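Number of protein chains: 2
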Amino acid sequence: MKRKRIPQTTIARLPLYLRYLLKLARKGLRIISSYELAEHVGTNAAQLRKDLSYLGEFGTRGVGYDVAELIRQISKCLGLTKEWKIAIVGMGKLGPALLGYKGFEQEGFKIVAIFDKNPKKIGKKMGNLVVSDVTNLKEVIEKVGGVDIGIITTPASVAQKVANQLIDAGVRAILNFAPVTLGVPSNVVLRQVDLTTELQILSFHLT
Amino acid sequence: MKRKRIPQTTIARLPLYLRYLLKLARKGLRIISSYELAEHVGTNAAQLRKDLSYLGEFGTRGVGYDVAELIRQISKCLGLTKEWKIAIVGMGKLGPALLGYKGFEQEGFKIVAIFDKNPKKIGKKMGNLVVSDVTNLKEVIEKVGGVDIGIITTPASVAQKVANQLIDAGVRAILNFAPVTLGVPSNVVLRQVDLTTELQILSFHLT
DNA sequence: CTATGTGAAGAACTTCACAGCT
DNA sequence: AGCTGTGAAGTTCTTCACATAG
Chain A
1 MKRKRIPQTT IARLPLYLRY LLKLARKGLR IISSYELAEH VGTNAAQLRK DLSYLGEFGT
61 RGVGYDVAEL IRQISKCLGL TKEWKIAIVG MGKLGPALLG YKGFEQEGFK IVAIFDKNPK
121 KIGKKMGNLV VSDVTNLKEV IEKVGGVDIG IITTPASVAQ KVANQLIDAG VRAILNFAPV
181 TLGVPSNVVL RQVDLTTELQ ILSFHLT
Chain B
208 MKRKRIPQTT IARLPLYLRY LLKLARKGLR IISSYELAEH VGTNAAQLRK DLSYLGEFGT
268 RGVGYDVAEL IRQISKCLGL TKEWKIAIVG MGKLGPALLG YKGFEQEGFK IVAIFDKNPK
328 KIGKKMGNLV VSDVTNLKEV IEKVGGVDIG IITTPASVAQ KVANQLIDAG VRAILNFAPV
388 TLGVPSNVVL RQVDLTTELQ ILSFHLT
């Protein structure tokens, strides 16, 4: 097939495929069909095959997909072969919860710096990191050798300012939990996780 | 216009419009153009006008939209005129963080029950609620007069079981934070918030 | 003249259905 | 015979561009 740009929607599904494949691998399964895999991630076989076809041809007709091979290919596509360095800004309630989440490190995301602006929190140890003053964000990030992804868990009122600081410190990807729409230059990737929005969407469907 | 079904994508944007409109209202602004509103929520004017056109015709040509009226209409569409009752299952790290989040109550989402299975946590007071045993989920939910939305913040391994319990207790909408794809009957609405997935999507774009 | 509302065109995504390998 | 890979068809969403109203 002529290789085309991978659709956004496909990219969003790849992590789900990967997660289930890793589960299968742990159980010792070696082969899986598009039907079974699709079923477990809540999609259909045609969709799954189309998604995978954007990455290449990894299946065996009449048989199915090799679990280990698929894991390798999806990981490669998602850029999960290297370790990404993360900074979290905002050590209120959500920040420490994310810091304590074991899942990240397992998947190759390493938190290397945490920030807050509250003097009572600065210098405090959390996990195995010490909270830095957000005022020194750029210097601290330089000292740890740069950060790939910035997670914003501050109040909405300061989120844009923090985003600007992160970008100024060379961060190229931002995951924002603050309930505000951020503006970033086109060379920076932004994802928004918005709890109130999620609840409001549920509310719509309940109505 | 003949009123058609509102697209999913429009529904996902309405909360963003609403949030910015509320900010404007607080500042005392009464009129806003599609251009300015679109700019602040990261979309374009045509998109915004099309989105709003699904709800009705609220603008004034040559002038713009009345802020208060738009707030009223979007709130109505999203079903935000009543208070929704929420239960959180899983009082590990994320659960308490969500419980402490002030944003929910402000927007009409009231947390009325919290659950865990750890005996050390059951009976403990958190916020102004007491942690109930997840084993009694159905009875507790009945006692508080029913719950509209269930939030799952348990480990992935028990998330499906918890989802089933919630559904059995009459919950019709679920917001799942556990890193696993849940299966629910078609009369139940499910939204997934998946932190690892978000990071992996960012990773893709960094690669 | 300004800004909305909206058919129509265009782009993106999903599903179909079957050819192509094993 | 069984399951993948994929053009083509179908659907949904976005953008255009202009008629319409104030």
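Each protein sequence line maps, in turn, to chains A and B.
Just so we're aligned, residue 1 is where the first sequence starts under this note's numbering, counting upward by one.
Just so we're aligned, residue 208 is where the second sequence starts under this note's numbering, counting upward by one.
Beta carbons: idealized from backbone N, C-alpha and C, even for Gly.
Please read these numbers as outputs of a predicted model, since none were measured by experiment.
| request: Taking all protein chains shown into account, decide if L166/A is buried (16 or more other Cβ within 10 angstroms of its Cβ) or exposed. | output: By the 16-neighbour rule on beta-carbons within 10 angstroms, L166/A is buried.
| field | Spatial distance of G302/B from L382/B (CA atoms) | value | G302/B and L382/B: Cα-Cα distance of roughly 12 Å.
| query | So, does the CB of P15/A fall closer than 9 Å to a CB anywhere in chain B? | reply | For P15/A, the answer is yes, since a Cβ of chain B falls inside 9 Å of its Cβ.
| said: Against chain B, which members of the segment 87-107 of chain A pass a CB distance test of less than 9 Å? | reply: Against chain B - using a Cβ distance shorter than 9 Å - the residues of the segment 87-107 of chain A are G92, K93, L94, G95, P96, A97, L98, L99, G100, Y101, G103, F104, Q106, E107.
| L129/A and L99/A closer than 9 Å at C-beta | In contact: L129/A and L99/A (Cβ atoms closer than 9 Å).
| query | How would you list, in chain order, the residues of chain B whose beta-carbon sits under 7 Å from the beta-carbon of I11/A? | reply | Here the neighbours are I408, F411.
| query | Looking only at its own chain, which residues have a Cβ that is under 8 Å from the Cβ of V395/B, when we skip the five neighbours before and after it? | reply | Around V395/B, the same chain offers I374, V378, R379, A380, I381 as residues with beta carbons nearer than 8 Å, after the five sequence neighbours per side are excluded.
| request: Please state if the CB of L48/A and the CB of F58/A are separated by a distance shorter than 9 Å. | output: It is not a contact, given that the beta carbons lie outside the stated cut-off.
| C-alpha distance - A12/A paired with S75/A, whole-angstrom precision | Rounded to whole angstroms, the separation of the alpha carbons of S75/A and A12/A is 13 Å.
| field | C-alpha gap between K117/A and R212/B, whole angstroms | value | Whole-angstrom Cα-Cα distance: 46 Å.
| request: Enumerate in chain order the residues of its own chain whose CB-to-CB distance from K85/A is below 6 Å, with the five nearest sequence positions on each side excluded. | output: Hits under 6 Å: K110, V112, V147, D148.
| message | For V162/A, which residues in the same chain have their Cβ closer than 6 Å to its Cβ, ignoring the five residues on either side in sequence? | response | Hits under 6 Å: V89, I152, T154.
| request: Would you check if the distance between the CB atom of A376/B and the CB atom of K345/B is smaller than 9 Å? | output: Against a cut-off of 9 Å, the Cβ pair of K345/B and A376/B comes out as a contact.
| Any residues in the segment 173-184 of chain A with a beta carbon nearer than 9 Å to a beta carbon of chain B? Which ones, in chain order? | The residues in question are A173, I174, L175, P179, V180, T181, L182, G183.
| When the Cα atoms are used, what is the spatial distance from F412/B to L55/A? | One point to set straight first is that residue 412/B is His, not Phe, in the sequence displayed. Going by the C-alpha atoms only, they are around 15 Å apart.
| query | So with Cβ pairs under 9 Å, would you call E198/A a contact of chain B? | reply | With 9 Å as the cut-off, E198/A counts as an interface residue toward chain B.
| request: Following the continuous beta strand (DSSP E) through Y272/B, name the residue where it begins and the one where it ends. | output: That run of the beta strand (DSSP E) goes 271-273.
| request: Could you list which residues in chain B have their beta carbon closer than 9 Å to that of R49/A, in chain order? | output: Those do not exist, as R49/A stays about 18 Å from chain B at its closest Cβ, beyond 9 Å.
| field | Pair within 9 Å by beta-carbon distance, S132/A and F115/A | value | At the C-beta level, S132/A and F115/A come within 9 Å of one another.
| Looking at the C-beta of Y272/B, does it have a partner C-beta in chain A at a distance below 9 Å? | Taking 9 Å as the CB threshold, Y272/B stays off the interface with chain A.
| Near H247/B, which residues of its chain fall below 7 Å by C-beta distance, leaving aside the five closest residues on each side in sequence? | Y227, listed in sequence order.
| query | From the beta carbon of I356/B, is the nearest beta carbon of chain A less than 9 Å away? | reply | Chain A has a Cβ within less than 9 Å of the Cβ of I356/B.
| message | Determine, for Y20/A, whether the minimum Cβ-Cβ distance to residues of chain B falls below 9 Å. | response | Yes, Y20/A lies at the interface with chain B (some Cβ there is under 9 Å from its Cβ).
| task | Identify each residue in the segment 135-160 of chain A for which the Cβ-Cβ distance to at least one residue of chain B is less than 7 Å, and report them in chain order. | result | The segment 135-160 of chain A vs chain B, Cβ under 7 Å: D148, I149.
| Do you know offhand how far R191/A's Cα is from E405/B's? | One C-alpha to the other measures close to 7 Å.
| said: According to DSSP, simplified to helix, strand and coil, what is V193/A? | reply: Coil at V193/A, not helix or strand.
| said: I'd like to know if R398/B contacts chain A, where contact means its C-beta is closer than 9 Å to some C-beta of that chain. | reply: It does: the Cβ of R398/B has a partner Cβ on chain A nearer than 9 Å.
| CA-CA distance, A45/A and R61/A? | When rounded, the distance between both Cα atoms is 14 Å.
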